[in-house]
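In the UniProt record's numbering, the protein residues as written are 1 to 373.
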């Protein structure tokens, strides 16, 4: 179905009907449309056009009313070809900009972005945490605290400093910790944390296999287990084990996570207030995997992405729309933010909110430039 089968009058009528339904939430009848259009079309003519639009699957008639409401296809045509996006009001732009420039803590900023989206749209705001595999290791240090407790200090990207306490299998001297840090910095500096994690696991596995093969024999370790690299001594193996403690668990801690705010706002929309629908929706939010899968799809696309109703392929969202945009740091997409609300949402307002918030969040997270937009 395409708009090539619709003439200008049909498109104008569809646009007026969708806008009226978004505004009122009530099935729209021919008399209301006749007033909205402000053109000399009789209610009978309007009814005929509405019947045609229904035959095309763009409208449907609820059983309890003579009026009609948009279908997912109707919303899709409206959003893709008929929508006039409104620029953000100055006060909303100011609030977004001020809100996203109050903190230097990136994790705080993610929560602030989610809350601002929720408060300004009165729907649910969602922001994924920056993907760890996009974060690059610059430098690592180890400091002995007491016994087997070691403080790991590592710098990522340009200037983000992270601290973590790990528990090692034995006590290390300051010299051993320095040697371990020197080795890891020489091998892994400049690589993404995800690549480091995989390389460390691979290194441990290969070393385990070598030890298994050599146990019970008098053979020496092979000269090169990988291109030009000598067999790993105990000090280097310890360094790799410490790297695993530092990066593997930390990576898993917030893997596939997001911040969701304002989900209770959704209870105020009549089309979502059905208890079964709400239960399904809130279960989806708590389980996270399905929502994350949906948001991950959005990371692969440029600009604003819109899923209307069952387009998401996710049953819990059948009566919702999700408007998202990816956000970038250093020209690299690292996450997605968006608004979840009923399919009957004011798309012309929500789209610029999402678009501008994504740009502002990316600018706020980018250490090179704090300039917005």
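C-beta: ideal position from N, C-alpha, C; glycine also.
Nothing here was measured: the structure is a model prediction, and the numbers come from that model.
Could you have a look at residue i and say whether DSSP puts it in helix, strand or coil?
i: residue 307; result: strand
i: residue 266; result: helix
i: residue 332; result: strand
i: residue 124; result: strand
i: residue 374; result: Since the displayed the chain opens at 1 and closes at 373, residue 374 lies outside it and no answer follows.
i: residue 89; result: coil
i: residue 172; result: coil
i: residue 324; result: strand
i: residue 288; result: coil
i: residue 2; result: Because residue 2 sits at a pLDDT of 47, beneath the cut-off of 50, its placement in the model cannot be relied upon, and the point is left open.
i: residue 68; result: strand
i: residue 25; result: coil
i: residue 135; result: coil
i: residue 53; result: helix
i: residue 293; result: helix
i: residue 279; result: helix
i: residue 84; result: coil
i: residue 338; result: strand
i: residue 145; result: strand
i: residue 34; result: helix
i: residue 164; result: strand
i: residue 102; result: coil
i: residue 39; result: coil
Suppose you measure from the CA of residue i to the CA of residue j; what does that come to, to the nearest Å?
i: residue 284; j: residue 56; result: 32 Å
i: residue 78; j: residue 204; result: 55 Å
i: residue 271; j: residue 311; result: 17 Å
i: residue 125; j: residue 341; result: 9 Å
i: residue 149; j: residue 171; result: 8 Å
i: residue 212; j: residue 201; result: 17 Å
i: residue 115; j: residue 316; result: 22 Å
i: residue 402; j: residue 131; result: Since the first and last residues shown for the chain are 1 and 373, residue 402 lies out of range.
i: residue 336; j: residue 35; result: 41 Å
i: residue 145; j: residue 151; result: 7 Å
i: residue 295; j: residue 313; result: 12 Å
i: residue 179; j: residue 157; result: 23 Å
i: residue 247; j: residue 54; result: 56 Å
i: residue 107; j: residue 190; result: 22 Å
i: residue 287; j: residue 334; result: 22 Å
i: residue 45; j: residue 291; result: 44 Å
i: residue 366; j: residue 267; result: 36 Å
i: residue 318; j: residue 80; result: 19 Å
i: residue 273; j: residue 76; result: 23 Å
i: residue 245; j: residue 142; result: 12 Å
i: residue 169; j: residue 195; result: 24 Å
i: residue 303; j: residue 355; result: 7 Å
Would you decide whether residue i is buried or exposed? Buried here means 16 or more other CB atoms lie within 10 Å of its CB.
i: residue 147; result: exposed
i: residue 305; result: buried
i: residue 70; result: buried
i: residue 6; result: buried
i: residue 8; result: exposed
i: residue 308; result: buried
i: residue 206; result: exposed
i: residue 197; result: buried
i: residue 23; result: exposed
i: residue 364; result: buried
i: residue 281; result: buried
i: residue 241; result: buried
i: residue 87; result: exposed
i: residue 31; result: exposed
i: residue 186; result: exposed
i: residue 27; result: buried
i: residue 89; result: exposed
i: residue 229; result: Per-residue confidence for residue 229 stands at a pLDDT of 44, beneath the threshold of 50, marking its modelled position as unreliable; the derived number appears in the next sentence. Looking at its Cβ environment, which holds fewer than 16 other Cβ atoms inside 10 Å, residue 229 is exposed.
i: residue 264; result: exposed
i: residue 66; result: exposed
Using a Cβ-Cβ cut-off of 7 Å (strictly less than) and excluding sequence neighbours within five positions of residue i, which residues of its own chain qualify?
i: residue 85; result: 348, 351, 352
i: residue 99; result: 112, 116
i: residue 162; result: 154, 156
i: residue 346; result: 22
With a threshold of 8 Å on Cβ separation, who are the neighbours of residue i within its own chain once the five nearest residues in sequence on each side are excluded?
i: residue 120; result: 92, 95, 96, 353
Which whole-angstrom value is the C-beta distance of residue i and residue j, which I expect to be below 8 Å?
i: residue 173; j: residue 136; result: The pair is not a contact, with the Cβ atoms about 29 Å apart (cut-off 8 Å).
i: residue 298; j: residue 321; result: About 13 Å separates the two Cβ atoms, so there is no contact after all.
i: residue 154; j: residue 167; result: Contact flag wrong, Cβ pair sits at about 17 Å.
i: residue 60; j: residue 68; result: 7 Å
i: residue 33; j: residue 17; result: 6 Å
i: residue 361; j: residue 109; result: 7 Å
i: residue 343; j: residue 118; result: No, residue 343 and residue 118 are not in contact; Cβ-Cβ is about 18 Å, not under 8 Å.
i: residue 73; j: residue 58; result: 6 Å
i: residue 339; j: residue 123; result: 5 Å
i: residue 10; j: residue 52; result: 7 Å
Counting only the same chain and skipping the five closest in sequence on each side, list residues whose C-beta sits under 6 Å from that of residue i.
i: residue 184; result: 140, 239, 243
i: residue 13; result: 49
i: residue 257; result: 129
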